[in-house]
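Take a look at the structure below.
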Amino acid sequence: MSYAPLNNPPAYSDNADELPARDEIPDDFKYDTVVSGCELSIRQQFIRKVYTLLFAQLALTTGIGGLLCSNDSVKEWCLDNTWLFFVSIVGSIGFMIAAYIQSKKYPVNLILLAGFTMCEGYMIGVATSLSDTGIVLEAFGITLILFLGLTLFAFQSKYDFTSWVGVLNCALWGLISIGFIWFFFKPSSTTELVYSSIGAIVFSGYILVDTQLVMRKFNIEEEVPAAITLYLDVINLFLNILRILATQRDD
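See below:
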């Protein structure tokens, strides 16, 4: 028995020259492509999701802080139960790490984000409850104006602020080191004012950098980590401005 080779390979469709596409899912969703590599509509959708989450976080934080500042009984209870503040610190770190790990699992990522924000909101609320309400509102207004202005500038500017990352990271570690030393040595009001001013400048720089990095660092399913990054920038800017105003008021 002999075998004759086939003249042509078998066709799996009526017209072998018109093979159907494998699927209709955009390649942007198949791979871990950063947002800047996606088409315009996908980039816009990602930005909307990130800033919706960010403003929801800021609204929740403001609500918790407002409750602690305006309600004397709640404020007194929180100050008497300092253990809850330390639980919030641990909870904030834990929720943040979990939110990064589960960043692509909906709705788990949003639940973890809410837990992180509530812990942060409680800590911010306790911190602001120790300051005069007028100073807190002033710091809030200045922070909001700065954040909106820096965000718009970062989006519109052709300058690449991401080149500042190295300098900002060094400055941040310097601030952290000095802050650790202050656990043992109380600084003067002038030193604290200088420290807070540098901190405000550093986190203003981080807002510029992270606003541009949002689309270059994260992929389209990582809106939660992106929102956390910007949220921490805003919160730290607020705390430094609050410290500046409080120091000036004390003087």
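Those letters in the sequence shown? Residues 221 to 471, per this note's numbering, in order. Glycine included, every Cβ here is placed at the ideal spot set by N, Cα and C. Since we're looking at a predicted model, the values are computed, not measured.
If you draw a straight line from the C-alpha of Ala466 to the C-alpha of Phe367, how long is it?
When only Cα atoms are considered, Ala466 and Phe367 end up about 20 Å apart.
Closest Cα partner of Phe360 within the set Leu459, Cys258 and Ile267:
Of the listed residues, the one whose Cα sits closest to Phe360 is Leu459.
Spatial distance of Phe249 from Ile440 (CA atoms)
Low confidence applies here, because Phe249 scores a pLDDT of 49, under 50, leaving its location unreliable and the question unanswered by this model.
Cross-strand partners of Asn439 (DSSP beta bridge):
Its beta-bridge partners are Val254.
Report the rounded CA-to-CA distance for Asp300 versus Leu462, giving the unit in angstroms.
Rounded to whole angstroms, Asp300 to Leu462 spans 23 Å at the Cα level.
Ignore the nearest five residues each way along the sequence and tell me which others in Phe315's own chain have a CB closer than 7 Å to its CB.
If we look at Phe315 and ignore the five residues flanking it on each side, its Cβ neighbours are Leu332, Gly335, Phe336 and Cys339.
By alpha-carbon positions, which one of Met343, Ile401 and Ile421 ends up nearest to Gly311?
Per the C-alpha coordinates, the member of Met343, Ile401 and Ile421 positioned closest to Gly311 is Met343.
Smallest Cα separation from Lys295: which of Ala347, Gly399 and Ile427?
That would be Ala347, whose Cα lies nearest to the Cα of Lys295.
Please go through the same chain and pick out, in chain order, the residues whose beta-carbon is closer than 6 Å to the beta-carbon of Gly345, but skip the five residues on each side of it.
Cβ-Cβ distances below 6 Å link Gly345 to Ile284, Gly285 and Leu288 in the same chain, with the five nearest sequence neighbours on each side left out; the list follows chain order.
Give the secondary structure of Lys406 by DSSP, where H, G and I count as helix, E and B as strand, and everything else as coil.
Looking at Lys406 - three-state DSSP - the assignment turns out to be coil, as it is neither helix nor strand.
So, at 8 Å on beta carbons, what are the nonlocal neighbours of Gln468 in its own chain, with the 5 sequence-adjacent residues on each side left out?
Excluding sequence neighbours, Gln468 sits near Leu413.
Let me confirm a value: Ser261 is counted as buried when at least 16 other C-beta atoms fall within 10 Å, else exposed. Which label applies?
Exposed: under 16 other Cβ atoms inside 10 Å.
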